[in-house]
Structure formats: C-alpha cells, structure tokens
Amino acid sequence: MSPDSTDDLSSSEGDFAESFDLADGRHLEVRRTTTKDASLIWGFYEGMTALDRRRRFFGAFRPDLDWCRGWADVGSRGGFGVIAIVRDEGNDAVEVAGEAGYALRSDGDGDLAVTVAQQWRGWLGAYLVDVLVRHAPIDGIENLQADVLLENGPMLATLQNRGPVALDHDDGVVRLSIGTAATPTWPKRDQRRRVLVEIAGGRWSGERQANEAGLATAVCSGPTRLGRRGCPVLKGEHCPLADDADAIIVLLDPDDEQTALMIESHLRMSPGVPVLARRARDRSEGEALDGRDAGMPEGCVEVESPPAHAVQQILSLVGKREPDASPQVYA
Ligand SMILES: CC(C)(COP(=O)(O)OP(=O)(O)OC[C@H]1O[C@@H](n2cnc3c(N)ncnc32)[C@H](O)[C@@H]1OP(=O)(O)O)[C@@H](O)C(=O)NCCC(=O)NCCS
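The numbering used here numbers the first residue of the sequence shown as 1101 and each following residue consecutively.
1. Could you please give me the residues that DSSP links to G1181 through a beta bridge?
2. Cβ of D1152 versus every heavy atom of ligand 1: is any distance shorter than 7 Å?
3. Could you check whether the Cβ of T1285 sits closer than 7 Å to any heavy atom belonging to ligand 1?
4. Can you tell me which residues fall inside 6 Å of ligand 3, judged by beta-carbon distance to its nearest heavy atom, and keep chain order?
5. Are P1323 and L1334 touching if we call contact CB-CB under 8 Å?
6. Run the CB neighbour count on T1283, radius 10 Å, all protein chains shown included, and call it buried at 16 or more, exposed below.
7. If you check the beta carbons only, do G1175 and R1132 fall under 8 Å apart?
8. Output the boundary residues of the beta strand (DSSP E) element that contains A1377.
9. Please check the pair A1300 and S1321, which I expect to be a contact at CB under 8 Å, by giving their CB distance rounded to whole angstroms.
10. Drop a sphere of 10 angstroms on the beta-carbon of H1409, count the other beta-carbons inside from all chains shown, and report buried for 16 or more, exposed for fewer.
11. Considering only residues of the same chain and omitting the five flanking positions on each side of V1411, which have a CB-CB separation below 6 Å?
12. Pick out whichever of L1249, A1266, I1141 has its Cα sitting closest to the Cα of R1155.
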C-alpha cells in the first residue's frame, strides 16, 4: 500500500517515455521518474525479497519515503531515473515492473542501480540499463559504474554483456564500469595515475596495494570477456583506457598469440606508455615458440612478482614519465 495518497501515476511527466504492447493486451510504460513517483518506488521496494534487498542495498536497509523521493528526483541533481509501469487496457497502472537510475559521481561518471520485479525478469533489466546508457551521454556521462555483490550473478551477467572493467574490489563487492559510447574510459575527474591491467577473470592481486599507493586501476578481463563490442585493440582500433593510461600491465596468457598481438598493439598505439608483461613459460627457458622470438617483445618490460614489487615497479616507471602534454585528460 502506498503511504502517500498525494502521489499519482501520471504518464506525462518528464522528458523520456517508451512503451511496449504486451502479449496479454497490457502495456509496459517506461518513463522518467519525478518526486511524484516516491510512493510507487517505496511500495515496490517494500515488496522485495530479503535477497533482492541485500543485492540492491547491500544489507537490510529499507528505504523510507524520503529516501525514495530523493531517488525519484535524482534527475534534478545531474542524474537520471526511470520507472517501468504496467498498464491495463483502460490505461490504469497495475504494477511497477522495475526501476533504474544513475546518480552523478564526483569523479564525473554515473552511479548505476537497477531493480526488476521477479515476475518481469529475463530482459527488462538489460533494457533498463540500455535506457540509462542511451541517456547518459546527454548528461555528459561517459561511464556508468555499479557496485555489485560478487554473488549477484544476474547483475554481473547484465553488465558483463556490456564489456565492463573492474575499478575496485572490496569485501565481496566489485565496482564495475561500463562505457556509454563504446569501451569504458577513465573517470574524467579522477586525477590519480592510471594503470590498465589485463588479466583473465578481471581480478588482479596487486589492485589493493596499487590503490593504496595512490594509483587508479582499471582491470579488463581481456578479449574473450569483453561482451558484444569486443576488444578495440584487437580490431586495430584505439582503446581509451590504454590511450590514457600511465602504464599497462598485460597478465593474459603469455603463450597465447592474441596476447602477443595485444602487447604489440599497445606498444604501437600508446607510444611512451610503459607496457609490462609476463615472459612466456617456453620463452623463459630460451626455447623458440613456433619459430617466434623467444625474448620479451622489444620495448616491453617484464613485470615483477609478487604484486607488491610490481606496484613499486609501476610507481618507479610512471614517476619517471614527463607530465602529459595533453590537458584534456583531466577535465
Ligand atoms: C539484476 C536484475 C535487475 C536483472 O534483471 P533481468 O535482466 O530482468 O533478469 P535476470 O535477473 O534474469 O538476469 C538476466 C541475466 O542474468 C543471468 N542470470 C540469471 N540468474 C543467474 C544466476 N543465478 N547466476 C548467473 N547469471 C544469472 C541471465 O542468464 C541473464 O543473462 P543474459 O542476459 O546474459 O542471458 C534483477 O535480477 C534484479 O532486480 N535483482 C535484484 C536487485 C539487484 O540485484 N540490483 C542490482 C544492484 S547493482
């Protein structure tokens, strides 16, 4: 039940609206939220299971009406929110199917959240994320970030389809970033030195130490896990994360020919940026691999282990770089 009878279900609010005819004759309307949607959102959250609540709010948090009003009004603070409502043939609203939105982050990206009612799952979540991704460039937002519990398979799958990079891991939570135009970029107001790490699984054991040392990290799972768009570097295109990195660490399988191609492309397309990699097992024994050069690629630095040493190695490398001449990097 709604706690606020002044709220209504008007469909003409805001500047975004899309609707779908459903097979049963009803309609699904997706439109921008306003403060009038506060009680609808509140009622929707009240109906969530404990598991969904934990996945959405990371605990037993129960949003009250004020919280919902603030979230519904996120558009007035540089963000964007939408609600999905099912209407019957008489155009009466019958249920909330989902809600999604992003809030503006201090680093210039958006902070994304999405919830879909259990009976509407399967496609609506991906669609709502798509609505946010389409709208974000209008707000000048290049990336949408989301904190996701590592146990939240559906949300991880939803974002995985968009080729995310991991910006942080903390206590069972990963912070993922998806690009709103193509590949993710570095958050434009984060002024830390930038280290792009390419590693299968998208998790680097040096991440925490690098962050504590004042480095920003973006961890990419490599070409096989990059979603529909694929890896721009392997297509001969520029990757903005590589272009604007201060150092690139390639920890993908060093015996894989694709890894050699990635390293070669990084060296060619990001001149002056240190590229660190592992020596192929076969190569470390001085054997030629399929007749190829047995050494590290020219211009590539062998990454030190353990990770703490690698972080020190990166600090010494990026510390030696001349300041970047292009001023547009840190807006
Ligand atoms: C995350 C959420 C919005 C996704 O909704 P949805 O896209 O409509 O539908 P689903 O939940 O079925 O998830 C879709 C994807 O997850 C996958 N999936 C479903 N259950 C899964 C599981 N247990 N493990 C891994 N993947 C799973 C589906 O195969 C699908 O992936 P695909 O598009 O590659 O085929 C919805 O699950 C939800 O509201 N969850 C609770 C709130 C929440 O976690 N919000 C995110 C907070 S950041």
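Beta carbons are placed, not taken as given, at the ideal position from N, Cα and C, and that holds for glycine.
Taking the coordinates as given:
1. In the DSSP output, where bridge partners are listed per residue, G1181 has G1201.
2. At least one heavy atom of ligand 1 is nearer than 7 Å to the Cβ of D1152, so yes.
3. Result no, Cβ not under 7 Å from ligand 1.
4. Looking at this structure, you won't find ligand 3 anywhere; what it does contain is ligand 1.
5. Going by C-beta atoms, P1323 is nearer than 8 Å to L1334.
6. Answer is buried; the Cβ neighbour count reaches 16.
7. Taking 8 Å as the Cβ cut-off, G1175 and R1132 qualify as a contacting pair.
8. Its beta strand (DSSP E) spans residues 1375-1377.
9. For A1300 against S1321, the beta-carbon gap comes to about 6 Å, under 8 Å, which counts as contact.
10. H1409 comes out exposed.
11. Closer than 6 Å at Cβ, skipping near neighbours: G1306, Q1309, A1310, A1313.
12. Among L1249, A1266, I1141, the Cα nearest to that of R1155 is on L1249.
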